[in-house]
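Positions in the sequence shown are counted from 1; adding 2 to them yields the numbering used here.
We treat Cβ as the ideally placed atom computed from N, Cα and C, and that holds for glycine.
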Amino acid sequence: ILSFYGRNLAQIDSVSVGNTTTVNDLLAGGNVNVRYGLQAALSKPLAAESGLYYRRVVLYMPSETDGDNPPNIAAFVNSGDFQSCTDMSKSCGTRTYVVFDSLTLEKAALAETKRRLEQVAYKAQAYFKARMLLDPEHNVSVDYFRPAYGGCSPGLNDLQCLDTYTPLALMSAGNWATQTNLPSTIGLTNDELISAWGDPIQASNLADSETGSPPFTMVFRAPSPFGGFYSVTAVQQI
Numbered sequence: 003i004l005s006f007y008g009r010n011l012a013q014i015d016s017v018s019v020g021n022t023t024t025v026n027d028l029l030a031g032g033n034v035n036v037r038y039g040l041q042a043a044l045s046k047p048l049a050a051e052s053g054l055y056y057r058r059v060v061l062y063m064p065s066e067t068d069g070d071n072p073p074n075i076a077a078f079v080n081s082g083d084f085q086s087c088t089d090m091s092k093s094c095g096t097r098t099y100v101v102f103d104s105l106t107l108e109k110a111a112l113a114e115t116k117r118r119l120e121q122v123a124y125k126a127q128a129y130f131k132a133r134m135l136l137d138p139e140h141n142v143s144v145d146y147f148r149p150a151y152g153g154c155s156p157g158l159n160d161l162q163c164l165d166t167y168t169p170l171a172l173m174s175a176g177n178w179a180t181q182t183n184l185p186s187t188i189g190l191t192n193d194e195l196i197s198a199w200g201d202p203i204q205a206s207n208l209a210d211s212e213t214g215s216p217p218f219t220m221v222f223r224a225p226s227p228f229g230g231f232y233s234v235t236a237v238q239q240i
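Written as structure tokens, this is what we have:
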């Protein structure tokens with residue numbers, strides 16, 4: 003189940019009202035052979051730190067008191083806490099069950115997304131410094147995060163004007179000149195074009211960026227599946 007979960011993480015844990023994932027989808031996706039009375043339940047998305055959401059899954063076997071005192075599945079769906087019997091003050095038979103969740107997967111996706119953003123920003127900074135060092139004057143007042151000498155007509159190996167946030171993958175899709183598209187110019191890999199959730203990493207060298215005076219900056223961001231963005235700023239190395 004967790005293997006299937008990891009491949010569909012953003013979709014399963016989405017807080018969108020359009021998220022129709024059911025526990026049966028997880029069982030089918032995980033190729034679980036449901037037998038011996040095995041039952042399962044899936045919680046709603048639960049809030050965690052860093053703006054993440056995750057869900058909990060319980061797999062449980064029947065007990066001898068299920069007829070009079072079944073598990074409290076409604077409570078599990080809402081809170082992720084599994085109660086083997088609805089009324090714990092009454093007789094509650096021994097039950098075999100396991101509870102697990104996607105929080106570790108979400109934390110790993112966030113950590114990997116941040117790593118990719120930091121790597122992209124590092125490569126942008128290295129590009130900027132290399133361009134500045136190639137300038138005989140080593141002029142720190144030139145913003146190499148944008149076309150070097152003003153305007154939005156980039157020369158060879160200049161970066162395009164990205165006045166609004168633009169997906170890096172779009173720049174690699176043939177819509178940009180080979181000599182000036184940002185991913186190839188700063189040496190990004192295919193993995194560095196998307197977040198660990200599979201969403202496009204975006205770039206802007208105007209929005210949220212320092213373009214007036216050194217140190218110049220540009221921003222890279224990845225959308226969170228749960229709303230908002232995770233951002234990293236590339237800064238001119240003087």
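Asked, Found
"Identify the continuous beta strand (DSSP E) that holds L61 and give its terminal residues.", "58 to 62"
"What's the call for N183, buried or exposed, on a 16-neighbour Cβ count within 10 Å?", "buried"
"Per DSSP, what kind of secondary structure is F78 in: helix, strand or coil?", "helix"
"Rank S5, L29, F147, S45 by C-alpha distance to the C-alpha of V221 and give the top, closest one.", "F147"
"Could you give the DSSP three-state label for T106: helix, strand or coil?", "helix"
"Less than 8 Å between the beta carbons of Y55 and F228, yes or no?", "yes"
"Need the endpoints of the beta strand (DSSP E) that V142 sits in, please.", "No beta strand (DSSP E) holds V142; DSSP gives it neither H nor E."
"Sorted by chain position, which residues of the same chain lie with C-beta nearer than 7 Å to C94's C-beta, five sequence neighbours on each side aside?", "T67, N71, S86, C87"
"Look up M90 in the DSSP assignment and say whether it is helix, strand or coil.", "coil"
"Check the C-beta distance from Q127 over to L170 and give it rounded, since I have them as a contact under 8 Å.", "Q127 to L170, Cβ: 16 Å. No contact."
"Can you list, in chain order, the residues of its chain whose CB lies under 8 Å from that of E212, leaving out five sequence neighbours each side?", "F218, T219"
"Going by the beta-carbon positions, is the gap between L161 and T191 smaller than 8 Å?", "no"
"Is there contact here, the region 72 to 84 with the region 37 to 49, by at least three beta-carbon pairs under 8 Å?", "yes"
"Check for me: the alpha helix (DSSP H) holding P185 runs from which residue to which?", "184 to 188"
"Assuming E258 and V101 form a contact by the criterion Cβ under 8 Å, report the distance between their Cβ atoms to the nearest whole angstrom.", "The question about residue 258 has no answer, for the chain in this structure spans 3 to 240."
"Considering Cα atoms alone, identify which of G153, V34, F231 is closest to D165.", "G153"
"Which residues share a DSSP beta bridge with P225?", "F231"
"Between which two residues does the beta strand (DSSP E) holding S206 run?", "204 to 206"
"Could you check the C-alpha separation between D201 and A224 for me, to the nearest Å?", "7 Å"
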